[in-house]
Structures are given as C-alpha cells and as structure tokens.
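Engineer: These protein sequence lines are chains A and B, in that order.
Residue 164 in the numbering used here sits at position 163 of the first sequence; the count goes up by one each step and never skips.
Residue 164 in the numbering used here sits at position 163 of the second sequence; the count goes up by one each step and never skips.
We treat Cβ as the ideally placed atom computed from N, Cα and C, and that holds for glycine.
Remember, it's a predicted structure, so these values are computed and weren't measured experimentally.
A single structure is presented below for examination.
There are 2 protein chains.
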Amino acid sequence: MKLLTVGTVAFDAIETPFGKTDKILGGAATYIGIAAAALDAEVHLVSVVGGDFPKDYLRMMNERGIRTEGIEVIEDGKTFFWSGRYHNDLNSRDTLVTELNVLENFEPKVPEAAADAEVLMLGNLHPAVQLSVLSQMKKRPQLVILDTMNFWMDLTWDLLMEVIAKTDVITINDEEARQLSGEYSLVKAAKKIHTLGPKYVIIKKGEHGALLFHDGKIFAIPAMPLEEVFDPTGAGDTFAGGFAAQLVRSGRPDFESMKTALLVGSAMASFTVEKFGTERLLETTPELLRERIAAFRELTAFEAEI
Amino acid sequence: MKLLTVGTVAFDAIETPFGKTDKILGGAATYIGIAAAALDAEVHLVSVVGGDFPKDYLRMMNERGIRTEGIEVIEDGKTFFWSGRYHNDLNSRDTLVTELNVLENFEPKVPEAAADAEVLMLGNLHPAVQLSVLSQMKKRPQLVILDTMNFWMDLTWDLLMEVIAKTDVITINDEEARQLSGEYSLVKAAKKIHTLGPKYVIIKKGEHGALLFHDGKIFAIPAMPLEEVFDPTGAGDTFAGGFAAQLVRSGRPDFESMKTALLVGSAMASFTVEKFGTERLLETTPELLRERIAAFRELTAFEAEI
Chain A
2 MKLLTVGTVA FDAIETPFGK TDKILGGAAT YIGIAAAALD AEVHLVSVVG GDFPKDYLRM
62 MNERGIRTEG IEVIEDGKTF FWSGRYHNDL NSRDTLVTEL NVLENFEPKV PEAAADAEVL
122 MLGNLHPAVQ LSVLSQMKKR PQLVILDTMN FWMDLTWDLL MEVIAKTDVI TINDEEARQL
182 SGEYSLVKAA KKIHTLGPKY VIIKKGEHGA LLFHDGKIFA IPAMPLEEVF DPTGAGDTFA
242 GGFAAQLVRS GRPDFESMKT ALLVGSAMAS FTVEKFGTER LLETTPELLR ERIAAFRELT
302 AFEAEI
Chain B
2 MKLLTVGTVA FDAIETPFGK TDKILGGAAT YIGIAAAALD AEVHLVSVVG GDFPKDYLRM
62 MNERGIRTEG IEVIEDGKTF FWSGRYHNDL NSRDTLVTEL NVLENFEPKV PEAAADAEVL
122 MLGNLHPAVQ LSVLSQMKKR PQLVILDTMN FWMDLTWDLL MEVIAKTDVI TINDEEARQL
182 SGEYSLVKAA KKIHTLGPKY VIIKKGEHGA LLFHDGKIFA IPAMPLEEVF DPTGAGDTFA
242 GGFAAQLVRS GRPDFESMKT ALLVGSAMAS FTVEKFGTER LLETTPELLR ERIAAFRELT
302 AFEAEI
C-alpha cells in the first residue's frame, strides 16, 4: 500500500521560551512525509513551494524516500511562511505572520504514480483543495483521513461538510470537535461527527493524549509525559503522518490497527516536540522509535487483577 | 488491613447546568468512606458535624459498614456547609457559600479501634489537622496518603511541608503540582515533589485522567469518557477513596498495586459524576463496578505488535 498526502510545505519561524529560529523547514506535508518515511512507508506529497525553496530540502526528502513529484515549484513565487510565538506553557501561541504566497492560488496536481494510493491523508488546508485531490484519485482510496481546524469551520462550512462526508477518519482537537458538533461532551461530539460521514473520529488533546471513537467503541491513549517540551510545532502533523503510515504498513485499516497506529503516531510526535522544527524527527531511528513505543507500553500497561 | 481517613463530612448545595440541589450530604470523608465501603474495605472516619446533621446519614454509613465513632457530633454547632455553581463546561465552578461552622475549631480524635490502621488517608483539610491525626496513630501507618489543594499552599506553606515530608503518596491536580514545585513540566514537578517526601506522586487531571510517578517510572490512566457529566462534586474524593481502599484490599502498597488502585479509583469516580452528590455512588454495586473496570480495560488495551 502507499500513502498520498496533500498539505503545506513551508517556512516557519518559531519563538518559544527556550529560543527562536530563523526561517526553517516546516509545513504539514513536510512533517507527515518525514514521519511516514521514517516508518518505511511509500509516501507521496502534493504541495506547492516558491522559487525561494531550497533544492536541498527536496533532495533531503528524496534521500529519505519521500516522493516529491507532486510538489509544484513556482519559480517566481514565494513559499508559504508562518511565524508564531509560543507562550510559557507551550500550550498556546500567537501567530505573528502568515504569508500565504504560492498557497493562495494552489491547484493541487496528483502525480500519476500516486493517483492509486490506498491511503489518502488530506492535511489541514482549504477544503476545496482537499476535494480537488480526492477527485483526482483513480478510484476511491481504501482510507481517506482528514485533518482540519476551526478556521475552516468558521469560513468554509459547506465545503468542509462536503469533504467530511467523503472521509473515513477525521482528526481534530477537542475544541474543534466541540465546535463541529455543538456538543460539549466528547462522547456526544464523536457520535454527531459520525453522522456527518467519518466512521472513525480521532480527538487530539495535546499533552493529554488522544481518543479514537468507532462504532460505539472508544480507545484512549495518553501523551508521553516529557521532561521538556521544546517546540510543539508539527506535533499534530507528525502524529497524523505516523498514524497514516502505520496503517499503510499494516495493510488493514480497521479499529485494532488504528489503536496501534495511534500509538505509533503518538510516539513519533513525542520526538518532534523535543527540538525545534523537524530537527529531532529527522534524527529518529527505528531503534529510538522501538524504545519510545516500549515506553508507551510501560506507561499504560497494568497487569493486576481486581 | 484497615483504612482510616480524616476529612470533612458536610452539607453541599450544588448548582449545575442540569439543575440544583438543596442541602445534601457531602464532604471528602463521606465520599471516601462510601467508596471504600463499596469495595468492602474496613474504613474508619474521623470528622466533625453539628447537631443539625441527620442521624439517618450516620445510620446509612453504619449500615454500609463505615465506622463513624471518629465523627464527633457537636450538638450546639452547625455542620460545615459548602455551596457552589458549576459553569457550563463543568470543569470550573464558583464557590457561593463556605460556612466552616464546627470545622473552624476541629480537633480530630482518632478512636482506639482505628489508631492502628495500616493505611491512613489524610483528606483535604488544614495541615495542622492532618498532622494531629498522624500524631495520634499508635505507630506509623504502612502507607500515608495525602490530599491537599492550592488553598493550603497559599496559606499554610510551612505546615503543609511538614505533612508532605511525612507522606508516602500525595494526590493533587496538575495546577497544584505546578504551584507546589514551581515547574511547568509535570515530569519535573513530580521529581521535585519526590524530594519533599512522597515516594509516589499522583497528578489528577480531571476529564484527562491521572498520572502516577514513582522512582523514575510513570503510569498514565485516562478518565472514562462519559456521555454526560452531571455533577463533578466528590469525584476527586471518590477517586482517593477507591484508590486507598483498593490498596487496603491488596495488602501490598507497591507500584503495581497502585496501578490497579488508580483504575479502581477512576472507575468509582466515573459513577459519582453521573448524578448529584453521593446519589450514584450509593447505587454502585460490585457488578456495576466490575463492568466499569472492564470498560476501562477495553478503553486502554491494545494488542497489536508494531
């Protein structure tokens, strides 16, 4: 099986209580791609960058096995740029700059080699872009995973509903689940979201972990408690990438496999936050990942009988 | 083994988005006692009430096997009264009335039959009261569990440090752990709290579950996602009571037993929030508890190998 993802490839400039960066490599598709490649999944990106995007970044992706034919380079355009400053608790942030640049008129083009991907991860973007990618697939993928956010609920409700209706798995945070459903209880929110289309609802709760809802069943996974969260940028995308890639590897996108995929996604994300940007994720080895997953098992396992 | 707990026995008047109550039975020791008795643990309460406290409540406790010789009745005094209003999200509340009444000059008296309890649960009260109970024990209990809150950190820091130094297990919420330690990261906070005395640190995160820290190890348990949280009053105390009682039952207060005890405490607490006050907790049967614990296992179990 192979994974296709559409999302941003971007420059980020990040400030945290621990320091700040210049423009560094960022974007949802970047994190998803690197996470998936680290899991040895065949992964294709669809995105757009400007002439200012270093060829070295694309080369780095290719060396890791990430397929980038779907990344359009608009030579006389500029790459999407986001800058943000995290507060002391690292749970909230202010956006300082958003320059859409080439993203403003982004028309995604799915390469021939990726149009038959069995797993499609629609990264957080305008729902019209997500719908365009979906319409370019040769046949409906076995699994369509959607990431979105409150911004699209506020601005493009009807289009968003159209994407959601075509989605198998939706990943959103708790506040967004409440906004999307109008329900405070996450159990009720998930039930309502099921009726919009997705058979699987993943609610991300940051440092509190995530919940997976399916067919009346619930699975809860904590986040790995970390001594130091250095930079949360990309954690959600890394999670999504690890999740999608693990499903590609399993070849069996069902509830049981999704539990494992949540574990893998959480483990990958716990690396991302340890350094700025993609730095720590790029250092992650299969050995480190196995250790982190073992730590997750220890974190959650209990043996004793009542 | 037996459990002794000191804490409030009180009247509560509660307002939630779903309704309001008159003065009903409340108090930390009440919830702890009922939870422990539901688990068939021998449990003794130390507390104080006024002449206005219905004898029926004491009779109800005794019928459930709760030992109440340690509840002093001050006939010409009034019982501690708390009234609060929960906000729509049920995660925050305003205190409307706090009448300390007989609690103001509370001098706890540990009954002879309870002074050799192996497990001592110091419910959330003035640290001087907690120290007094500790000093009345025939010998140091095998396990001293402390519940406290930000209020005592603000007002009685030195005395609180004295209790904490004599404590094996401390249960506090995430904000309190941060205040107590001066560390934002909960991993760092727990490390610092270990140095104050407690070998075990339990950080309660409400709807996000709880974390147990011990000797470099961490165990995470989610809260049961509920369709309806009706009234959160007493959930923390029920959790503490279920936790302590399960350790009494296990007879082996070590890290592995504490994982199970956290599970039992969480399961008990998930009942308490389903109705006003103690109502739902009083309806809980061993059969219901077994079902809820099975639901917890399903919520957290994953089998698949990576």
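Residues bridged to B:F82 by DSSP?
Structural biologist: Bridge partners of B:F82: B:F12, B:E100.
Engineer: Which residues in the same chain have their Cβ closer than 7 Å to the Cβ of B:H215, if we skip the five residues on either side of it in sequence?
Structural biologist: Counting only Cβ-Cβ distances below 7 Å, and skipping sequence neighbours, we find K200, Y201, F256.
Engineer: DSSP state of A:T286, grouped into three classes?
Structural biologist: Reduced to three states, the DSSP call for A:T286 is coil.
Engineer: Compare the beta carbon distance of B:G124 and B:T6 with 7 Å and say whether it is the shorter of the two.
Structural biologist: Yes; because the gap between Cβ atoms is below 7 Å, this pair is in contact.
Engineer: Pick out whichever of A:F297, A:S48, A:F303, A:K3 has its Cα sitting closest to the Cα of A:V134.
Structural biologist: When only C-alpha atoms are compared, the closest one is A:S48.
Engineer: By the 9 Å beta-carbon criterion, what residues does the segment 207-218 of chain B contribute toward chain A?
Structural biologist: Cβ contacts with chain A: E208, H209, G210, L212, F214, K218.
Engineer: Apply the 10 Å Cβ neighbour rule to A:T69 and answer buried if 16 or more other Cβ atoms are within range, or exposed otherwise.
Structural biologist: Result: buried.
Engineer: Evaluate A:H127 with the Cβ neighbour count: other Cβ atoms within 10 Å of its Cβ, from every protein chain shown; 16 or more gives buried, anything less gives exposed.
Structural biologist: Buried, by the Cβ-count rule.
Engineer: If the cut-off is 7 Å on Cβ atoms, which residues from the segment 6-21 of chain B count as contacting chain A, listed in chain order?
Structural biologist: Here the close residues number zero.
Engineer: Select from A:A166, A:I294, A:A211 the residue whose C-alpha is nearest the C-alpha of A:T196.
Structural biologist: Cα-wise, what sits closest to A:T196 is A:A166.
Engineer: Please name the residue, chosen from B:T149, B:Q131, B:D169, B:G78, that lies closest to B:A178 on a Cα-to-Cα basis.
Structural biologist: Residue B:T149 is the option with its Cα nearest to B:A178.
Engineer: Name the chain A residues that come within less than 8 Å of B:Y58, Cβ to Cβ?
Structural biologist: Those do not exist, as B:Y58 stays about 29 Å from chain A at its closest Cβ, beyond 8 Å.
Engineer: Cutting at 6 Å between CB atoms, please list the residues of its own chain near A:K24, excluding the five before and the five after it.
Structural biologist: Same-chain partners within the cutoff: F12, A14.
Engineer: State buried or exposed for A:F244, treating a residue as buried only when at least 16 other CB atoms are found within 10 Å of its CB.
Structural biologist: It is buried - the Cβ of A:F244 has at least 16 other Cβ atoms within 10 Å.
Engineer: I want to verify the contact list: residues of chain A whose CB lies under 9 Å from the CB of B:F220, in sequence order.
Structural biologist: Residues of chain A passing the Cβ test: E299, L300, T301, A302, F303.
Engineer: Could you tell me which of A:G237, A:P142, A:E76, A:M138 sits nearest to A:G28, measuring between CA atoms?
Structural biologist: Comparing Cα positions, the closest option is A:G237.
Engineer: Please name the residue, chosen from A:A115, A:L282, A:I67, that lies closest to A:F357 on a Cα-to-Cα basis.
Structural biologist: This structure does not reach residue 357 of chain A, given that chain A is present from 2 up to 307, and the question cannot be answered.
Engineer: Could you check which residue in B:F82, B:V44, B:A38 has the C-alpha nearest to that of B:D53?
Structural biologist: Nearest option by C-alpha distance: B:F82.
Engineer: Should B:T273 and B:G242 be called a contact, given that it needs their Cβ atoms to be closer than 7 Å?
Structural biologist: The answer is no: Cβ separation not under 7 Å.
Engineer: Can you list, in chain order, the stretches of the alpha helix (DSSP H) that have 4 or more residues and sit fully within the segment 112-197 of chain A?
Structural biologist: Listed in chain order, the complete alpha helix (DSSP H) runs (minimum 4 residues) inside the segment 112-197 of chain A are 128-136, 151-156, 158-166, 175-182, 187-197.
Engineer: Using the Cα positions of B:H88 and A:N174, report the straight-line distance between them to the nearest angstrom.
Structural biologist: Those two C-alpha atoms are separated by around 21 Å.
Engineer: Using DSSP bridges, identify the partner residues of A:G51.
Structural biologist: Bridge partners of A:G51: A:I75.
Engineer: Looking only at C-alpha atoms, which of B:E280, B:M269, B:E275 sits nearest to B:R291?
Structural biologist: Comparing Cα positions, the closest option is B:M269.
Engineer: Would you check if the distance between the CB atom of A:T80 and the CB atom of A:G34 is smaller than 7 Å?
Structural biologist: No, Cβ-Cβ distance for A:T80 and A:G34 is not below 7 Å.
Engineer: Which residues share a DSSP beta bridge with A:A354?
Structural biologist: Outside the modelled stretch of chain A, which goes from 2 to 307, sits residue 354 of chain A, for which no answer is possible.
Engineer: Find the nearest neighbour of B:M138 within the set B:A115, B:L227, B:G66, B:I67, judged by alpha-carbon distance.
Structural biologist: Nearest C-alpha to B:M138: B:A115.
Engineer: How big is the Cα-Cα spacing for B:M2 and B:A246?
Structural biologist: Approximately 10 Å, taken between the alpha carbons.
Engineer: Which residues in chain A have a C-beta closer than 7 Å to the C-beta of B:S93? List them in chain order.
Structural biologist: Near B:S93 there are no residues of chain A at all, since even the closest Cβ is about 13 Å away, more than 7 Å.
Engineer: Just grab the DSSP bridge partners of B:Y87 for me.
Structural biologist: Answer is B:R94, bridged to B:Y87.
Engineer: Under 7 Å, Cβ to Cβ, is there at least one residue of chain B near A:L187?
Structural biologist: Yes - at least one Cβ of chain B is within 7 Å of the one on A:L187.
Engineer: Is the CB-CB distance between B:V120 and B:L147 below 7 Å?
Structural biologist: In this structure, B:L147 does not lie closer than 7 Å to B:V120 by Cβ.
Engineer: Would you list the residues sitting across from B:K21 in a DSSP beta bridge?
Structural biologist: B:K21 pairs with B:E16.
Engineer: Which residues, taken in chain order from the segment 101-117 of chain B, show a beta carbon closer than 9 Å to some beta carbon of chain A?
Structural biologist: Per Cβ criterion, the list is empty.
Engineer: Drop a sphere of 10 angstroms on the beta-carbon of A:A38, count the other beta-carbons inside from all chains shown, and report buried for 16 or more, exposed for fewer.
Structural biologist: Looking at its Cβ environment, which holds 16 or more other Cβ atoms inside 10 Å, A:A38 is buried.
Engineer: In the DSSP assignment, the beta strand (DSSP E) including A:V202 goes from what residue to what residue?
Structural biologist: It spans 201-205 - the beta strand (DSSP E) in which A:V202 sits, taken as one unbroken run.
Engineer: Below 7 Å between beta carbons is the criterion; list the residues of the segment 255-280 of chain A that meet it against any residue of chain B, in chain order.
Structural biologist: Listed by position, the residues of the segment 255-280 of chain A near chain B (Cβ gap below 7 Å) are E257, S258, K260, T261, L264, V265.
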